[in-house]
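The structure under discussion appears below in the form of structure tokens.
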Ligand code: LCS
């Protein structure tokens, strides 16, 4: 499609990355091939030497993967994107590309658990030192900057605390020190937040979540702003090898066509669920960017085009009561991951953030009683009725526990 700079986000979701295809195919064909035939020995040699353009081998480039990458680059307002085998492949490729022994990284304290462990367990062994700070506190980020700080890695809103970090202010501090700001935009998707608009340098996603949206793909993506960075990242990704395959790329590209309407529904429903939870007597606290009680509510209004589909909360009675609740829901499923069409509920301290250890969790504000809910696109009254039944089960269990035995 011929698009101009005024093309709306909704239209881009449907048409971005789509080209003219053989036989008039409206969607990108799946080039499920590992390798591409050369016309001659000389042709192969000139492709490798970069004298001619063309496909060589799918770990280096593949047209189906490229179509999906181009779509996401356009939605994020970046130059080009790199499809990765998982969100963690994207995270590790970014650190592999940007750090060397002796460098320092600042990372959000509330971040997907394995990102913390990747820095603490693997990159530390290669001489990269990391400091974990509450990046929703800009001053704390500024205070943590050292002369050798190369990367400031922000997850905003953070998983699972939903703490929101001020990207423009952090980018200003980072750029003064020649450090690069990397934003994990998984929780918002480009429909609700485009970090390049706030001077971020690199954006990444777990495609497994909202971008694909259907809980049937593991994938990741890195988006960059210029040719030089793209070439460096492409080389790093090809060498580390964590590329996405054509079929998963096709599924993600298909999922993106409905990103805009899915995000609209996630947002519409999540605010209703959050407001319902906030009023329930057994709820201790609720965190959702669309609630005025969120500590960075105003910042969220400036940085987001919607409040997202993720909610965290704690019930009275801590994790034991939280478990009663999770075991009582029927529509929502107890499962990790998020951002799919189905509602999911999980317990970060014993599941997604278990590997971080209690100390790092506490430093990141991830309490043992915190429950995370990914609001799906089911009928919102039915989602609320399901939670209501489960919370009333908690209420009953608390009442029983409070009755002294005779
Ligand atoms: N970044 C964020 C913010 C994530 O939430 C995840 C996965 C990743 C990166 C890694 O992506 P993956 O390799 O799994 O595609 N988050 C998960 C979660 O919260 N529950 O299960 C997976």
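In the numbering used here, the protein residues as written are 25 to 430. Where a beta carbon is used, it is the ideal one built from N, C-alpha and C, also for glycine. Note that this is a predicted model, so its numbers are computed, not measured.
According to DSSP, is residue i part of a helix, a strand, or is it coil?
i           : result
residue 499 : Outside the modelled stretch of the chain, which goes from 25 to 430, sits residue 499, for which no answer is possible.
residue 277 : helix
residue 376 : coil
residue 185 : coil
residue 106 : strand
residue 311 : strand
residue 348 : helix
residue 267 : strand
residue 321 : helix
residue 142 : helix
residue 258 : helix
residue 290 : helix
residue 300 : helix
residue 95  : helix
residue 385 : helix
residue 218 : coil
residue 120 : helix
residue 74  : coil
residue 424 : helix
residue 25  : Here the model assigns residue 25 a pLDDT of 47, short of 50, so the residue's position is not dependable, and the following value carries that caveat. Residue state, collapsed to three classes: coil.
residue 192 : helix
residue 167 : helix
List the residues that DSSP assigns as beta-bridge partners of residue i.
i           : result
residue 284 : BP columns for residue 284 are empty, so no partner.
residue 368 : 357, 398
residue 228 : 208, 246
residue 128 : 153, 173
residue 83  : Answer is none; residue 83 lacks a bridge partner.
residue 334 : 398
residue 407 : None, per the DSSP bridge assignment.
residue 339 : 307
residue 178 : 207
residue 59  : 81
Rounded to whole angstroms, how far is the Cβ of residue i from the Cβ of residue j, which I believe are closer than 8 Å?
i           : j           : result
residue 121 : residue 256 : 6 Å
residue 226 : residue 129 : At roughly 13 Å, the Cβ-Cβ gap does not stay under 8 Å, so residue 226 and residue 129 are not in contact.
residue 373 : residue 392 : 5 Å
residue 431 : residue 180 : With the chain covering 25 to 430 only, the question about residue 431 has no answer from this structure.
residue 93  : residue 105 : 4 Å
residue 34  : residue 284 : 4 Å
residue 295 : residue 331 : 6 Å
residue 336 : residue 394 : 5 Å
residue 307 : residue 339 : 6 Å
residue 262 : residue 99  : Not really, about 24 Å apart at Cβ, beyond 8 Å.
residue 348 : residue 417 : 6 Å
residue 268 : residue 107 : 4 Å
residue 384 : residue 140 : 6 Å
residue 401 : residue 286 : 6 Å
residue 220 : residue 102 : 6 Å
residue 123 : residue 174 : 6 Å
residue 270 : residue 89  : 6 Å
residue 82  : residue 57  : 7 Å
residue 205 : residue 187 : Actually they are not in contact, since the Cβ atoms of residue 205 and residue 187 sit about 16 Å apart, beyond 8 Å.
residue 22  : residue 279 : It is not possible to answer for residue 22, since the shown part of the chain is limited to 25 through 430.
At the level of alpha carbons, what is the spacing between residue i and residue j?
i           : j           : result
residue 281 : residue 164 : 39 Å
residue 214 : residue 249 : 15 Å
residue 42  : residue 207 : 26 Å
residue 316 : residue 403 : 24 Å
residue 407 : residue 355 : 7 Å
residue 161 : residue 388 : 12 Å
residue 328 : residue 222 : 11 Å
residue 146 : residue 183 : 21 Å
residue 171 : residue 127 : 9 Å
residue 71  : residue 237 : 36 Å
residue 396 : residue 375 : 11 Å
residue 25  : residue 202 : Caution is warranted here: a pLDDT of 47 is assigned to residue 25, below 50, making its placement in the model unreliable, and the coordinate value is therefore given only provisionally. If I take the Cα positions, the gap works out to 38 Å.
residue 125 : residue 150 : 6 Å
residue 144 : residue 154 : 7 Å
residue 44  : residue 36  : 16 Å
residue 344 : residue 423 : 14 Å
residue 382 : residue 137 : 11 Å
residue 114 : residue 264 : 11 Å
residue 49  : residue 60  : 21 Å
residue 240 : residue 87  : 21 Å
residue 251 : residue 74  : 15 Å
residue 364 : residue 291 : 13 Å
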